[in-house]
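S.K.: Counting from 1 along the sequence shown, just add 107 to a position and that's the residue number in the numbering used here.
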Amino acid sequence: LRSKDFVCLSRTPDRTLSVVVGEAFLGQAGLPREVAVERDWAALRLDTGALGRSVAPGALPALAQVLEDARLEARMVSSADGDVFLFRARQLPQAAAALLRAGHAIRPARRLCTAMPAELATRNA
């Protein structure tokens, strides 16, 4: 998750605070040493704003089911205009492949993603 613009804050009832930010932001933050930092995450964003109102409510559960069937552990963050699936960066190619096999479309965000697995590139050409 490289974006310096991605920021998500949450707090559980027992007051555990979770802050999710892009790694580019970490270089600017100057965090204390005692703050636990997990690195090497990647994201896929479901742009619900681009979907029609009749399609958007079923999109998140459909994608989540595909990822679960592929035995991928994703964490989700939701906002008013979209949902973000967070994965360990090493799992992003498998997540993209599972979604493509299920007939979903994926497009790059601001930067190019890891290359598509060869068997999918020839199948979806």
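Where is the CB? At the ideal position from N, CA and C, for every residue including glycine.
As the structure is a prediction and not an experimental result, all values here were calculated from the model.
Can you give the Cα-Cα distance for Ala248 and Gly129, rounded to whole angstroms?
M.R.: Summary: the structure shown does not reach residue 248, with the chain confined to residues 108 through 232, and so no result is reported for it.
S.K.: Got a sec? Which residues, its chain only, sit under 7 Å from Arg195 by beta carbon, not counting five neighbours each side?
M.R.: Closer than 7 Å at Cβ, skipping near neighbours: Asp147, Trp148.
S.K.: To which residues does DSSP link Val184 through a beta bridge?
M.R.: Beta-bridge pairing links Val184 to Val191.
S.K.: Please report whether the beta-carbon of Phe194 lies at a distance below 8 Å from any beta-carbon of chain B.
M.R.: Annotation note: the requested chain B is absent from the structure, which comprises a single protein chain.
S.K.: Evaluate Ala203 with the Cβ neighbour count: other Cβ atoms within 10 Å of its Cβ, from every protein chain shown; 16 or more gives buried, anything less gives exposed.
M.R.: Per the 10 Å Cβ criterion, buried.
S.K.: With Val173 and Ala205 assumed to form a contact (beta carbons below 8 Å), what rounded beta-carbon distance in angstroms separates them?
M.R.: With 8 Å as the limit, Val173 and Ala205 qualify as a contact, their Cβ atoms being about 5 Å apart.
S.K.: Whole angstroms is fine: what's the gap from Ala131's alpha carbon to Arg182's?
M.R.: In a straight line, the C-alpha of Ala131 is about 20 Å away from that of Arg182.
S.K.: Let's see if you can read the secondary structure: which residues bound the alpha helix (DSSP H) around Leu133?
M.R.: Unbroken alpha helix (DSSP H) run through Leu133: 130-136.
S.K.: Checking 8 Å against the spacing of the C-beta atoms, do Gln201 and Ala177 come in under that value?
M.R.: Yes, the Cβ-Cβ distance between Gln201 and Ala177 is below 8 Å.
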